[in-house]
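First comes the structure, then the notes that go with it.
Structure (structure tokens):
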């Protein structure tokens, strides 16, 4: 294919990334064609040396998704990065999916514990306050109300602290996952650069 066909296919396949980034990529490939022509190569030879435009575009799109996940490690971004990496043939990530599932389950469980503790503390506090007002409706242990109030506040505080800790753990796990995927993509990108099939 000639350079116009190659660049058109490349641009069409670069979906999901900003126009400014897309234009930079297309410009880099255009320059590569110009340099090749100056060296006496034909469009077809240059296109063949660059590799499949759709495969190259998929690589750039995956890199962009992973960079976004690394910058802002939200659950949605990281899951997008995982599937983008798998689409490039990172089958080692498929074997990592059970580990991701276990970590996800643990994090969900920790959030459930945090929520349960916080809610229990609030319920105990409300029940302690309402018991003197509605003794027929509220059943509480015969304990000093001050102890119950202090205990309920303590339980709520522990639940909130547990939630904060779980949030930090979640962020760390998401960032670590994004970093792992980014490292995999960088390895593939470096291999393509060495073979001349990838333009930086």
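Residue numbers (our numbering): 5 to 204. Ideal Cβ positions, reconstructed from N, Cα and C, are used throughout, including at glycine.
Check: Considering only residues of the segment 105-154, which uninterrupted beta strand (DSSP E) runs meet the minimum length of 3 residues and lie entirely inside it, listed in chain order?; Outcome: none
Check: Apart from the five residues on each side of it in sequence, which residues of its chain come closer than 7 Å, Cβ to Cβ, to residue 76?; Outcome: none
Check: Contact between the segment 51-59 and the segment 78-88 is defined here as three or more beta-carbon pairs at a separation below 8 Å; is this criterion met?; Outcome: no
Check: Check each candidate in 161, 108, 138 and 141 and name the one with the smallest Cα separation from residue 178.; Outcome: 108
Check: Determine, using beta-carbon pairs with one atom in the segment 109-128 and one in the segment 166-186, whether at least three such pairs fall under 8 Å.; Outcome: yes
Check: Have a look at residue 154 and residue 71 and give me their C-alpha separation to the nearest angstrom.; Outcome: 47 Å
Check: Taking just the CA atoms, how far does residue 121 sit from residue 162?; Outcome: 7 Å
Check: Spatial neighbours of residue 25 within its chain, please: CB distance less than 7 Å, with the 5 preceding and 5 following residues excluded, ordered by chain position.; Outcome: 68
Check: Among 45, 64, 180 and 152, which has the Cα closest to the Cα of residue 104?; Outcome: 180
Check: Using the Cα positions of residue 59 and residue 38, report the straight-line distance between them to the nearest angstrom.; Outcome: 21 Å
Check: May I ask you to report which of helix, strand or coil DSSP gives residue 185?; Outcome: helix
Check: Which one of 100, 15 and 174 has the shortest CA to CA distance from residue 110?; Outcome: 174
Check: Using C-beta distances below 6 Å, list every residue in its chain close to residue 20, excluding the 5 sequence neighbours before and after it, in chain order.; Outcome: 65
Check: Taking just the CA atoms, how far does residue 160 sit from residue 139?; Outcome: 24 Å
Check: What is the DSSP secondary structure of residue 18, reduced to helix, strand or coil?; Outcome: coil
Check: DSSP three-state label for residue 32, please.; Outcome: helix
Check: Could you check whether residue 18 and residue 4 sit closer than 8 Å to each other, using their CB atoms as the reference points?; Outcome: This structure cannot speak to residue 4, because the chain is shown only from 5 to 204.
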